[in-house]
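Protein chains: 2
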Amino acid sequence: MGSRPADFDFDRSTQVVRRGMSAGPGLRDPGVTSFDVTSFDVTSFDVIVHDGWDIMGNANGGYVMAIIARALTEVTGRPDCITVTCHYLAPCPAGPAVVDVVPVRAGRRFATATATMWREVDGVRKVIAQVMATMGDLEKDPGGPTSMAGGPSPIPSYEECLSFGGPNDAASPALHTRLATRFHPDDVGFRDGHRSGRGLIRGWFAFRDDRPIDALALLLASDAFPPAVFNLDVATNWVPTVELTVHVRAIPAPGPVQCSFETRYLQNGLLDEDGEIWDSGGVLVAQSRQLALAPRAG
Amino acid sequence: MGSRPADFDFDRSTQVVRRGMSAGPGLRDPGVTSFDVTSFDVTSFDVIVHDGWDIMGNANGGYVMAIIARALTEVTGRPDCITVTCHYLAPCPAGPAVVDVVPVRAGRRFATATATMWREVDGVRKVIAQVMATMGDLEKDPGGPTSMAGGPSPIPSYEECLSFGGPNDAASPALHTRLATRFHPDDVGFRDGHRSGRGLIRGWFAFRDDRPIDALALLLASDAFPPAVFNLDVATNWVPTVELTVHVRAIPAPGPVQCSFETRYLQNGLLDEDGEIWDSGGVLVAQSRQLALAPRAG
Numbered sequence: 002m003g004s005r006p007a008d009f010d011f012d013r014s015t016q017v018v019r020r021g022m023s024a025g026p027g028l029r030d031p032g033v034t035s036f037d038v039t040s041f042d043v044t045s046f047d048v049i050v051h052d053g054w055d056i057m058g059n060a061n062g063g064y065v066m067a068i069i070a071r072a073l074t075e076v077t078g079r080p081d082c083i084t085v086t087c088h089y090l091a092p093c094p095a096g097p098a099v100v101d102v103v104p105v106r107a108g109r110r111f112a113t114a115t116a117t118m119w120r121e122v123d124g125v126r127k128v129i130a131q132v133m134a135t136m137g138d139l140e141k142d143p144g145g146p147t148s149m150a151g152g153p154s155p156i157p158s159y160e161e162c163l164s165f166g167g168p169n170d171a172a173s174p175a176l177h178t179r180l181a182t183r184f185h186p187d188d189v190g191f192r193d194g195h196r197s198g199r200g201l202i203r204g205w206f207a208f209r210d211d212r213p214i215d216a217l218a219l220l221l222a223s224d225a226f227p228p229a230v231f232n233l234d235v236a237t238n239w240v241p242t243v244e245l246t247v248h249v250r251a252i253p254a255p256g257p258v259q260c261s262f263e264t265r266y267l268q269n270g271l272l273d274e275d276g277e278i279w280d281s282g283g284v285l286v287a288q289s290r291q292l293a294l295a296p297r298a299g
Numbered sequence: 002m003g004s005r006p007a008d009f010d011f012d013r014s015t016q017v018v019r020r021g022m023s024a025g026p027g028l029r030d031p032g033v034t035s036f037d038v039t040s041f042d043v044t045s046f047d048v049i050v051h052d053g054w055d056i057m058g059n060a061n062g063g064y065v066m067a068i069i070a071r072a073l074t075e076v077t078g079r080p081d082c083i084t085v086t087c088h089y090l091a092p093c094p095a096g097p098a099v100v101d102v103v104p105v106r107a108g109r110r111f112a113t114a115t116a117t118m119w120r121e122v123d124g125v126r127k128v129i130a131q132v133m134a135t136m137g138d139l140e141k142d143p144g145g146p147t148s149m150a151g152g153p154s155p156i157p158s159y160e161e162c163l164s165f166g167g168p169n170d171a172a173s174p175a176l177h178t179r180l181a182t183r184f185h186p187d188d189v190g191f192r193d194g195h196r197s198g199r200g201l202i203r204g205w206f207a208f209r210d211d212r213p214i215d216a217l218a219l220l221l222a223s224d225a226f227p228p229a230v231f232n233l234d235v236a237t238n239w240v241p242t243v244e245l246t247v248h249v250r251a252i253p254a255p256g257p258v259q260c261s262f263e264t265r266y267l268q269n270g271l272l273d274e275d276g277e278i279w280d281s282g283g284v285l286v287a288q289s290r291q292l293a294l295a296p297r298a299g
């Protein structure tokens with residue numbers, strides 16, 4: 002992709018630059034009392050959607066979510082997205098954009114905010130993504146009881162899984178040049194026309210430059226695998242995400258994280274994809290669910 | 002609960018009254034160009050959170066979501082929440098409140114908007130819930146392929162399942178006086194101290210007054226069962242929802258809908274609860290997932 006080395010860095014690629022803050026009332030119709038005035042603050046950030054974190058020219062949804070999450074962290078002062086939901090409203094080619102963050106509530110344990118990523122296109126404000134998140138600090142969280150119905154499902158080791166998307170693999174999405182993802186050999190048959198018949202894709206997520214996997218990186222990981230629906234016997238090659246929700250459940254221990262994404266119900270062109278991400282210590286570090294479209298093959 | 006008959010009606014109980022619309026720019030710091038101005042519209046609704054849709058005095062989360070969804074329908078002109086996420090920020094006793102809706106994007110197939118339910122408490126604006134939704138019209142949706150990994154799991158018929166919360170059952174939440182929910186006999190042992198050990202609760206959802214189950218009612222159904230975590234061997238009696246997402250996948254055929262809610266991973270006091278709702282024709286009508294807290298038992 003001809004990317005400069007600096008672009009390779011996830012942290013540089015998700016940088017946000019605070020632009021300014023404004024506070025103002027949302028004015029209602031004249032004659033209303035102060036009870037009818039909604040006050041709000043907007044903090045704006047300049048961001049650059051970097052080339053090379055894309056699928057066919059449009060930024061990966063997890064990457065978009067990570068940029069917005071960084072802005073949310075800045076405004077709320079909380080490092081971790083406990084739960085974050087993103088609605089994807091327009092494709093996002095590389096280039097500058099703005100992220101506006103509006104705080105909703107700040108409590109002792111959590112802080113909730115909304116965010117909008119937008120850019121001006123042909124003189125018109127175009128919204129790329131709308132986000133709502135409740136932020137916290139998992140390291141300081143008071144915690145509580147644990148009762149797990151299962152753990153990570155057994156899959157081949159990182160070394161036994163298959164890589165694709167290396168710098169010499171022109172057929173793979175650009176995103177994978179940044180990543181050192183590895184895939185379960187049983188789950189990538191769709192690449193040469195051998196769909197497994199089960200909407201499942203499993204493997205390991207890591208950065209190619211060995212950047213540690215923190216809460217922000219888990220957002221990227223939640224959307225970095227090929228769609229699980231590719232393994233169903235259904236003609237789909239374009240699976241736009243309508244909505245992605247990620248629950249960050251813990252900060253991963255060092256090393257690649259084990260991922261599993263499954264589509265169970267493709268019904269009338271709408272599908273779910275549920276993800277689980279486990280760290281090397283067998284801790285559940287994230288759960289994800291997305292609603293996506295599988296348009297009729299034209 | 003001494004509710005008047007009119008209060009019993011789900012439609013009256015989720016009524017929203019349009020108050021007015023305001024359009025205004027979100028002003029930035031002085032000297033910025035028009036590129037830096039965020040424009041937005043707010044449409045406000047007066048709503049009444051009715052008594053009797055509560056759990057121990059606080060409105061049920063699905064009921065709160067349904068009220069807000071009605072306001073979203075009014076503003077977007079789309080009847081169905083294709084995907085809706087609600088973050089619950091304060092308990093909600095019965096009484097008046099305001100729902101502010103802000104449109105984000107209106108496309109041909111879907112329209113996205115955010116909404117805030119709030120009320121004034123002791124002179125301070127208190128946010129009860131923050132919502133983001135993408136709305137559509139399932140009856141006119143273009144559709145697409147279908148490939149289902151399963152169907153509704155076999156459970157006893159509606160008649161064979163157990164009811165509770167009848168008008169004479171003072172120990173049940175008020176909510177259940179409005180509903181004709183029935184529960185799988187294997188899943189309600191927690192009520193007399195016999196937890197099944199599996200975080201699962203299954204049964205049927207219906208209204209006591211036989212109101213049809215439409216997209217709005219599915220939002221209520223998604224949060225109307227006792228927490229599945231009650232069946233785990235963990236001391237919890239209070240399970241506040243942080244976030245609930247519902248995907249409405251189809252409009253149900255007539256009759257009670259079959260529901261299943263499962264908590265798989267309670268880890269350090271944070272838990273998931275995944276729901277599936279199927280209609281009498283075996284169609285998946287909704288999926289839900291919530292992130293909730295299981296505080297340490299005091």
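These protein sequence lines are chains C and P, in that order. Sequential numbering of the first sequence, starting at 2, is according to the working numbering. Sequential numbering of the second sequence, starting at 2, is according to the working numbering. Idealized CB from N, CA, C, for every residue including glycine.
Establish whether the CB of residue i and some CB of chain P are separated by less than 9 angstroms.
i                      : result
residue 266 of chain C : yes
residue 132 of chain C : yes
residue 270 of chain C : yes
residue 62 of chain C  : no
residue 108 of chain C : yes
residue 46 of chain C  : no
residue 91 of chain C  : yes
residue 29 of chain C  : In this prediction, residue 29 of chain C scores a pLDDT of 36, lower than 50, which makes its location untrustworthy; the coordinate-derived value is nonetheless stated afterwards. Taking Cβ atoms only, chain P reaches closer than 9 angstroms to residue 29 of chain C, which makes this a yes.
residue 14 of chain C  : no
Can you find a CB in chain C that lies within less than 9 angstroms of the CB of residue i?
i                      : result
residue 212 of chain P : no
residue 142 of chain P : yes
residue 39 of chain P  : Here residue 39 of chain P scores only 47 on pLDDT, less than 50, and its place in the model should not be relied on; the value that follows carries that caveat. Yes, residue 39 of chain P lies at the interface with chain C (some Cβ there is under 9 angstroms from its Cβ).
residue 19 of chain P  : no
residue 105 of chain P : yes
residue 248 of chain P : yes
residue 122 of chain P : no
residue 117 of chain P : yes
residue 165 of chain P : no
residue 262 of chain P : no
residue 11 of chain P  : no
Which of the three DSSP states is assigned to residue i in this structure?
i                      : result
residue 252 of chain C : coil
residue 294 of chain C : strand
residue 1 of chain C   : Since the first residue shown for chain C is 2 and the last is 299, residue 1 of chain C is missing from the structure and cannot be characterised.
residue 31 of chain P  : Because the pLDDT of residue 31 of chain P is 36, which lies under 50, any placement of that residue in the model is unreliable, and the number read from its coordinates should be weighed accordingly. Of the three classes helix, strand and coil, the one that applies to residue 31 of chain P here is coil, per DSSP.
residue 177 of chain C : helix
residue 97 of chain C  : strand
residue 204 of chain C : strand
residue 11 of chain C  : helix
residue 140 of chain C : coil
residue 285 of chain P : strand
residue 271 of chain P : strand
residue 75 of chain C  : helix
residue 59 of chain C  : strand
residue 234 of chain C : coil
residue 219 of chain C : helix
residue 104 of chain C : strand
residue 70 of chain P  : helix
residue 91 of chain P  : coil
Going by C-alpha distance, which of the options is nearest residue i?
i                      : options                      : result
residue 112 of chain P : P:131, P:126, P:89 and P:83  : P:83
residue 162 of chain C : C:62, C:204 and C:180        : C:204
residue 217 of chain C : C:117, C:176 and C:251       : C:251
residue 261 of chain C : C:219, C:255 and C:117       : C:219
residue 67 of chain P  : P:58, P:199, P:297 and P:131 : P:131
residue 274 of chain C : C:188, C:202 and C:209       : C:202
residue 300 of chain P : P:134, P:245, P:237 and P:47 : This structure cannot speak to residue 300 of chain P, because chain P is shown only from 2 to 299.
residue 122 of chain P : P:114, P:96, P:103 and P:104 : P:96
What does residue i touch in chain B if you count any residue whose Cβ is under 7 angstroms from its own?
i                      : result
residue 128 of chain P : The structure shown contains no chain B; its protein chains are C and P.
Exercise for the section: Output, in sequence order along the chain, the residues in the region 274-298 of chain P whose CB is closer than 9 angstroms to any CB in chain C. Expected result: Cβ contacts with chain C come from 275, 277, 284, 285, 288, 290, 292, 294, 295, 296, 297 and 298.
Practice task
Pull out every residue of the region 217-245 of chain P whose Cβ sits closer than 9 angstroms to any Cβ of chain C, in chain order.
Solution key: 230, 233, 234, 235, 236, 237, 243 and 244
Exercise for the section: Identify each residue in the region 185-213 of chain C for which the Cβ-Cβ distance to at least one residue of chain P is less than 7 angstroms, and report them in chain order. Expected result: 200
Exercise for the section: With 8 angstroms as the limit, tell me which residues of the region 75-89 of chain C have their beta carbon closer than that to any beta carbon of chain P; keep them in chain order. Expected result: 83, 84, 86 and 88
Problem - Residues from the region 137-162 of chain C in contact with chain P, defined by Cβ distance under 9 angstroms - result: 139, 142, 143, 144, 145, 146, 147, 148, 149, 150 and 151
Problem - Cβ contact check for the region 74-92 of chain C and the region 125-139 of chain C: 3 or more pairs under 8 angstroms - result: yes
Handout entry: Touching by the beta-carbon criterion (3+ pairs, under 8 angstroms), the region 219-232 of chain C and the region 280-291 of chain C
Key = When Cβ pairs closer than 8 angstroms are counted between the two stretches, the region 219-232 of chain C is seen to touch the region 280-291 of chain C, the count reaching three or more.
Handout entry: At least three beta-carbon pairs within less than 8 angstroms, the region 58-73 of chain C to the region 227-236 of chain C
Key = No, the region 58-73 of chain C does not touch the region 227-236 of chain C.
Handout entry: the region 131-141 of chain P contacting the region 150-162 of chain P, beta-carbon criterion three pairs below 8 angstroms
Key = Too few Cβ pairs lie closer than 8 angstroms, so no.
Exercise for the section: Indicate whether the contact test is met: 3 or more Cβ pairs, each with one atom in the region 232-248 of chain C and one in the region 145-154 of chain P, closer than 8 angstroms. Expected result: yes
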